[in-house]
Amino acid sequence: MASSISLWVFLFAFWFLLSGHTEPLLLGFGAFSCTIVVYIAHRMDVIDHEGHPSHLSFKIIPYWAWLCWEIVKANIDVAKVIISPKLPISPVMFKTKASQSRELGQVIYANSITLTPGTIAVDLENGVLEIHALTVEGAKGVLTGDMDRRVCKVKGEMEGHDE
Amino acid sequence: MMFVAATIAVIISILLGLIRAFLGPTIYDRVLAGNMIGTLTVILISVHGFLTERPEFLDIALVYALINFIGTIAILKYFRFKDLGHAGTDHSANEQENM
Amino acid sequence: MDLILDILSWFFILLGSAFVLIGAIGVLRLPEVFTRSHAAGMVDTFGTGLILLGLMFQAGGFNLIVVKLIMIGFFLFFTSPVACHALVRAAIVDGAKPMLKEGVVLEGEYKDTPKDEGDKPS
């Protein structure tokens with residue numbers, strides 16, 4: 001029930017940001033459509049713990065800032081590779097261990113790897129990631145485990161918040 | 001003026017993506033090019049909204065971003081299972097065969 | 001003040017356009033679907049992000065337009081890796097073999113044969 005109400009509040013805030021209307025009639029229509037969506041979601045039984053990330057702590061925001069900086073650096077590297085005339089690519093495929101214990105942390109780690117250009121997480125099974133990298137340097141960057149540790153830190157805080 | 005520059009760059013990129021979509025040897029090259037063209041279309045719609053000073057276009061860009069994502073996933077699922085209504089439960093079984 | 005905002009807008013929009021063009025050239029130039037998806041990821045993250053950032057400076061203060069631009073950026077930020085992963089995964093499951101450089105030994109790589117039954121972490 002609590003997650004239904006928080007979903008309704010989230011949907012209504014989203015609706016209000018998109019529409020920008022303040023007339024009572026239109027606000028009523030918005031609230032009515034949010035109620036219908038929550039009812040249908042309840043009937044579909046898709047409202048669960050992970051359906052809306054209210055349990056994510058705000059500690060993830062510094063991680064995002066760090067991730068943005070990593071994305072900038074990786075982008076410049078990939079752009080250099082693409083515009084150099086000899087096309088010095090050295091694609092490699094390797095496996096690495098994600099040291100997060102729960103699936104959410106592993107998914108955050110895999111998504112961060114995919115979001116950084118030059119490395120793509122191809123497979124995630126039993127905590128072992130299979131990664132395709134455009135250059136050997138990019139692969140070495142993943143294998144230093146810096147991102148892994150940072151995700152562990154964020155996720156540890158999230159788990160503490162969670163239980 | 002800067003919006004015109006961005007529009008030209010995005011349109012040239014869309015043309016390059018179209019060339020890849022025509023050339024692409026496998027189906028996945030074409031889906032990749034289509035996904036990239038969709039992302040660039042989102043940017044094109046946003047920039048066009050600023051160019052004509054009608055920010056309502058941003059709503060369309062937002063909806064297009066969602067449709068692009070769902071469309072890419074739906075196309076990939078269709079070529080994987082040849083059926084959009086497939087529950088996709090034989091995932092691990094297929095993987096065993098491939099190994 | 002307007003001049004500073006204009007200069008910032010020009011800078012971010014031109015840089016974003018350059019990265020979008022480089023990404024598109026990469027999609028055209030790189031040899032196969034796995035390497036091409038890296039270039040497409042570049043367009044998805046950096047090119048669009050910088051152009052949206054440049055547009056935010058032209059919205060005239062913090063208003064609903066900026067909120068919508070941030071929302072578009074958020075959607076692209078969260079959906080692009082999922083689409084990219086789904087594409088590469090579909091290509092792998094379909095049996096496409098990625099073109100790899102021979103004889104590369106990486107330190108700290110997780111060694112485990114995929115056929116191993118008891119997938120125990122070391």
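Protein chains in written order, with the numbering used here: chain A, 1 to 163; chain B, 1 to 99; chain C, 1 to 122. Virtual Cβ for every residue (Gly too), placed ideally from N, Cα, C. In this text the structure is predicted, and so the values were computed from the model without any measurement.
With H, G and I counted as helix, E and B as strand and the rest as coil, what does DSSP make of Asp45/A? coil
Going by C-alpha distance, which of His42/A, Gln106/A and Phe10/A is nearest Val128/A? Across the set His42/A, Gln106/A and Phe10/A, the C-alpha of Gln106/A shows the shortest separation from the C-alpha of Val128/A.
Which residues in chain B sit within 9 angstroms of Ile70/C, going by Cβ to Cβ distance? Those do not exist, as Ile70/C stays about 11 angstroms from chain B at its closest Cβ, beyond 9 angstroms.
Count Cβ pairs between the segment 73-92 of chain A and the segment 113-121 of chain A that sit closer than 8 angstroms; are there 3 or more? Taking a cut-off of 8 angstroms on C-beta distances, the segment 73-92 of chain A touches the segment 113-121 of chain A, as three or more cross pairs fall below it.
Measure the Cβ-Cβ separation of Thr72/B and Thr48/C and say whether it is below 8 angstroms. One thing to note: Thr72/B has its Cβ no nearer than 8 angstroms to the Cβ of Thr48/C.
Have a look at Trp69/A, Asp45/A and Val37/A and flag the residue whose alpha-carbon is nearest the alpha-carbon of Leu50/C. Looking at the Cα atoms, Trp69/A is the closest of the given residues.
Would you say Thr35/C faces chain B, with C-beta separation under 8 angstroms as the test? In terms of beta-carbon proximity, Thr35/C stays away from the interface with chain B, with every pair separated by 8 angstroms or more.
Phe75/C and Ala33/B - do their beta-carbons sit closer together than 8 angstroms? no
Quick check: is the beta carbon of Phe50/B nearer than 8 angstroms to any beta carbon in chain C? Yes, because at least one Cβ of chain C sits closer than 8 angstroms to the Cβ of Phe50/B.
8 angstroms Cβ cutoff, Phe129/C in contact with chain B: Any question about residue 129/C goes unanswered here, given that chain C covers just 1 to 122.
Let's see if you can read the secondary structure: which residues bound the beta strand (DSSP E) around Leu84/B? No beta strand (DSSP E) contains Leu84/B, which DSSP labels as neither H nor E.
Report all residues from its chain with a CB closer than 6 angstroms to the CB of Gln58/C; omit the five preceding and five following residues, and keep chain order. Ser9
Quick one: does Leu52/C have its CB under 8 angstroms from some CB of chain A? Answer no: the Cβ-Cβ gap between Leu52/C and chain A never drops below 8 angstroms.
Note down, in chain order, each residue of its chain lying with its Cβ closer than 8 angstroms to the Cβ of Leu87/A, except the 5 sequence neighbours on either side. Val81
Going by CA-CA distance only, name the one from Asp94/C, Phe62/C and Ser37/C that's closest to Val82/C. Ser37/C
Note down, in chain order, each residue of its chain lying with its Cβ closer than 6 angstroms to the Cβ of Val42/B, except the 5 sequence neighbours on either side. Ala61, Tyr64 and Ala65
Where does Ile89/A sit, in a helix, a strand or coil, going by DSSP? coil
Under 8 angstroms, Cβ to Cβ, is there at least one residue of chain B near Ile13/C? yes
If you follow the beta strand (DSSP E) that His48/B is in, where does it begin and where does it stop? Where His48/B is concerned, there is no enclosing beta strand (DSSP E), although the alpha helix (DSSP H) around it starts and stops at Ile27 to Leu51.
Consult DSSP for Leu115/A and reduce its assignment to one of helix, strand or coil. helix
Consider the C-beta atom of Ser9/C and the heavy atoms of the ligand MN; say whether any pair is separated by less than 7 angstroms. Ligands are entirely absent from the displayed structure, and the ligand MN is therefore not among its contents.
Against chain C: residues of the segment 2-18 of chain A by CB proximity under 9 angstroms: Phe14, Leu17 and Leu18
Tell me, please, whether the CB atom of Ser84/A is closer than 8 angstroms to any CB atom in chain C? no
Shortest alpha-carbon distance to Leu87/C belongs to which of Ile11/B, Ser13/B and Phe79/B? Phe79/B
From Met147/A to Gly16/C, what does the alpha carbon distance come to, in whole angstroms? 26 angstroms
Could you name the residues of chain D that Gly16/C contacts, counting a contact when the two beta carbons are closer than 9 angstroms? Reference to chain D is not applicable here, since the protein chains of this structure are A, B and C.
Any idea if His132/A is buried or exposed, counting beta-carbon neighbours within 10 angstroms, 16 or more meaning buried? buried
Of the residues Ala79/A, Arg102/A, Ala41/A and Trp66/A, the one placed nearest Leu11/A, counting alpha carbons only: Ala41/A
Strictly under 8 angstroms for the Cβ-Cβ distance: is Asp2/C near chain B by that measure? No, its Cβ sits nowhere closer than 8 angstroms to a Cβ of chain B.
Taking DSSP as the reference, what is the three-state secondary structure of Glu137/A? In the three-state reduction of the DSSP assignment, Glu137/A falls in the helix class.
Sufficient close CB pairs (3 or more, under 8 angstroms) joining the segment 13-25 of chain B to the segment 22-29 of chain C: Counting C-beta pairs closer than 8 angstroms gives three or more between the segment 13-25 of chain B and the segment 22-29 of chain C, which meets the contact rule.
Near Pro55/B, which residues of its chain fall below 6 angstroms by C-beta distance, leaving aside the five closest residues on each side in sequence? Closer than 6 angstroms at the Cβ level, and outside the excluded window around Pro55/B, lie Gly49.
List the residues of chain C that Leu115/A touches, going by C-beta distances under 8 angstroms, in chain order. Gly41, Thr45, Phe77, Ser80 and Pro81
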